[in-house]
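Just below is one structure, and these are the notes that go with it.
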Amino acid sequence: MTDKPQVMWQWWPLEKVKPYEKNAKIHSQGQIKEIANSIGQFGWRHPIMVDADGVIIAGHGRRAAAEFRNDEVVPVVVVTDLSAEKVRLLRLADNKIAENSSWDKELLAVEFADLSELNIDLGGLGWDETEIDKLIGTVLDSDDLVPLETDGDASRSGANVVTLSYGKQKVPLTDDEHRDLDRLLHEHIAATGSKFGFARSLIEARNAAPRV
Numbered sequence: 010m011t012d013k014p015q016v017m018w019q020w021w022p023l024e025k026v027k028p029y030e031k032n033a034k035i036h037s038q039g040q041i042k043e044i045a046n047s048i049g050q051f052g053w054r055h056p057i058m059v060d061a062d063g064v065i066i067a068g069h070g071r072r073a074a075a076e077f078r079n080d081e082v083v084p085v086v087v088v089t090d091l092s093a094e095k096v097r098l099l100r101l102a103d104n105k106i107a108e109n110s111s112w113d114k115e116l117l118a119v120e121f122a123d124l125s126e127l128n129i130d131l132g133g134l135g136w137d138e139t140e141i142d143k144l145i146g147t148v149l150d151s152d153d154l155v156p157l158e159t160d161g162d163a164s165r166s167g168a169n170v171v172t173l174s175y176g177k178q179k180v181p182l183t184d185d186e187h188r189d190l191d192r193l194l195h196e197h198i199a200a201t202g203s204k205f206g207f208a209r210s211l212i213e214a215r216n217a218a219p220r221v
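Each residue of the sequence shown is one higher than the one before, starting from 10 at the first, in my numbering.
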């Protein structure tokens, strides 16, 4: 059984952390600023991984962000249990394997929509405002309103029923309700320039309405 490596953070002067001269990973200035903003918002949650000589294995972007922020010290984890060859392999694997994942767009949209209802600042997450707005828009997009088989009261009234889907919920709407909701959404966008806070505005309007 292989002994587990001891993983301990250390705080080193920034100049002691040396970039790998053959680092093939490119970080744009925009991404470096995003990393810097993330560190400012959440603190250091991922240390820079270095070898025994202080050469970076993983974390060139974080080092660049620290330099951008004028940080004098940075957290590091020193890897001493791998051979020089395996360290070189780890440099490649750490970056490439992370790139092989993908996002569930529906769940991501719901998560953003839920967070937007809490009036939380969604900046500094790596998505720009347009991307987030587009994702949230899919939660209430009319493309997600699909016809249902009519039954019950709707069937007797002859109304065509569609559903509004958000998360795991499906809310039946008549054509009139669909048109009214679409109108309110467009009015909200015209007033605010965004779909952010649309559901909150409906809730607040309902709360402010006189109780019958």
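Heads up, the beta-carbon is just placed ideally off N, CA and C, and yes, glycines get one too.
Is residue i near residue j, with beta carbons less than 8 angstroms apart?
| i | j | result |
| --- | --- | --- |
| Y29 | I65 | yes |
| A45 | R78 | yes |
| G70 | H36 | yes |
Just the C-alpha distance for residue i and residue j, rounded to the nearest angstrom, thanks.
| i | j | result |
| --- | --- | --- |
| W53 | S203 | 32 angstroms |
| I41 | F207 | 33 angstroms |
| T201 | A93 | 56 angstroms |
| L173 | E76 | 48 angstroms |
| N128 | A214 | 17 angstroms |
| A67 | R100 | 6 angstroms |
| F51 | G39 | 18 angstroms |
| A118 | A61 | 43 angstroms |
| L116 | T139 | 18 angstroms |
| A107 | L134 | 16 angstroms |
| D103 | A217 | 53 angstroms |
| G49 | W112 | 25 angstroms |
| S210 | L193 | 10 angstroms |
What does DSSP give as the partner residues of residue i in its beta bridges?
| i | result |
| --- | --- |
| P56 | None; P56 has no bridge partner. |
| K179 | S174 |
Helix, strand or coil: how does DSSP classify residue i here?
| i | result |
| --- | --- |
| A67 | strand |
| S47 | helix |
| S174 | strand |
| R215 | helix |
| K31 | coil |
Please report whether the beta-carbon of residue i lies at a distance below 8 angstroms from any beta-carbon of chain C.
| i | result |
| --- | --- |
| E140 | Absence of chain C from the displayed structure is noted, only one protein chain being present. |
Counting pairs of beta carbons, one from the stretch 16-27 and one from the stretch 77-89, are three or more of them closer than 8 angstroms?
-> yes
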